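S.K.: Residue numbers (the working numbering), protein chains in the order written: chain A, 10 to 222; chain B, 18 to 83. Mind looking over this structure? Questions follow.
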Amino acid sequence: MNRIENPVDESRNVFFFSDIPHIIKCIRNHMHKKEDVKFGDEVVSWRYYRALYDIDKSSDIRAAPKLSHPHINPNPFQKMVVSYAAQIFSKTVADAICFYRDEMGNKFMENSKPTETFTRKINGLFDACNGRIPKHGIKPGTVGFQCISDFLHSLKPEDSFASELTMSSIRVTLNSILDAMKYLCEEVKYAYVLTGKLNQDPIEVRTTLLYFK
Amino acid sequence: MVKTQPLGAFATRGAAPGNILAKMVMSCIVRLENINLEVDGVVSDGAANNKSVWKILGISERLVKL
């Protein structure tokens, strides 16, 4: 169950969310630790990201220019930086893997198709869950909504790209996003929902301000 | 327009246990609702104490119908 009844008004619910950027980091950390993980029936591997960086860093024109050492081997402080995790699971990286496999015929990348697909899916999911401006706002029936719903339904019990704990957070959070969106758009008549607001950035901004004052 | 507004901050010795946090969450919801601010969601990160709040409030991935 992803909600509780509102303690004041029993006709409404209070939904529970886990911070999406945090989940993305958890997935990255888990894959970094385990190397080979399962996604659906396929094996997704951290090796391909590492291989991609190793080939790419020495080429004159880079396929994934943003990739750097901290993306592949983050130290404990770099593990807290969301952008490193978000950039690993980006369209650019997926395209770069595809480029080295198909265009350059790299032997090591031969079986990297599932990793590429996985990267695209996480990228789509993160984009759908991080809309901050009206253009990126989503409501039932839009591409973003479909993307979240598809990802949620494609999850299988044997998936191991994140720890058990993270997997359950993912399920609860995605369910909550979908349910909250249906409630807000269909009953409260919102025109759209900005999913980028469903995270704990406000509190992090606050504590950072206090910390550096 | 004020977009975000802190409600409160609490000093604890070590991390606050889940049962206390759960009470604080419920208390926040009730206080906000009393001044007509509708609460639709609660966001937390995946820390163990926050997870225990979920557990206490009955949040889990299992689909339990009433």
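Every residue gets a Cβ at the ideal spot worked out from N, C-alpha and C, and that includes glycine. Bear in mind that the values here come from a model prediction, so they are computed numbers and not experimental data.
With 8 Å as the threshold, decide whether the Cβ of B:LEU74 is near any Cβ in chain A.
M.R.: So yes, B:LEU74 belongs to the interface.
S.K.: Can you check the stretch 83 to 129 of chain A for any alpha helix (DSSP H) of at least 4 residues that lies completely inside it and give the ranges in chain order?
M.R.: 91 to 97 and 100 to 107
S.K.: Check this for me: beta carbons of A:THR124 and A:TYR57, under 8 Å apart or not?
M.R.: yes
S.K.: Is the beta carbon of A:ILE97 sitting closer than 8 Å to the one on A:HIS80?
M.R.: yes
S.K.: What does A:ASN22 pair with, by DSSP beta-bridge criteria?
M.R.: DSSP, once it has assigned bridges, lists A:GLU14 as partnering A:ASN22.
S.K.: Which of the three DSSP states, helix, strand or coil, is assigned to B:VAL70?
M.R.: helix
S.K.: Taking the CB atoms as reference points, tell me whether A:ALA105 and A:ALA73 lie closer together than 8 Å.
M.R.: Taking a C-beta distance under 8 Å as the contact criterion, A:ALA105 and A:ALA73 qualify as a contact pair.
S.K.: Starting from A:PHE48, follow its DSSP beta bridges and name the residues at the other end.
M.R.: A:GLU51
S.K.: Using three-state DSSP, classify B:LEU49 as helix, strand or coil.
M.R.: Correct three-state label for B:LEU49: helix.
S.K.: Which residues does DSSP list as the beta-bridge partners of A:VAL214?
M.R.: Per the DSSP secondary-structure output, A:VAL214 pairs with nothing in a beta bridge.
S.K.: Please name the residue or residues paired with A:ASP147 in a DSSP beta bridge.
M.R.: For clarity, residue 147 of chain A is Ile in the given sequence; the question names Asp instead. Looking at the DSSP assignment, A:ILE147 forms a beta bridge with A:VAL202.
S.K.: In chain A, which residues lie with their C-beta within 8 Å of the C-beta of B:GLY63?
M.R.: SER27, ASP28, HIS31, ILE32, CYS35, LEU174, THR175 and SER178
S.K.: Return the CA-CA distance between A:LYS43 and A:ARG59, expressed in angstroms with no decimal places.
M.R.: When only Cα atoms are considered, A:LYS43 and A:ARG59 end up about 13 Å apart.
S.K.: Tell me whether B:GLY63 sits in a helix, a strand or coil according to DSSP, three-state version.
M.R.: coil
S.K.: Counting only beta-carbon separations shorter than 8 Å, does A:PHE98 have a partner in chain B?
M.R.: no
S.K.: Starting from the Cα of A:ASN208, find the closest Cα among A:ASN15, A:SER54 and A:PHE135 and give me that residue.
M.R.: Measuring C-alpha to C-alpha distances from A:ASN208 to each of A:ASN15, A:SER54 and A:PHE135 identifies A:PHE135 as the nearest.
S.K.: What residues are listed by DSSP as bridge partners for B:GLY58?
M.R.: A:PHE24
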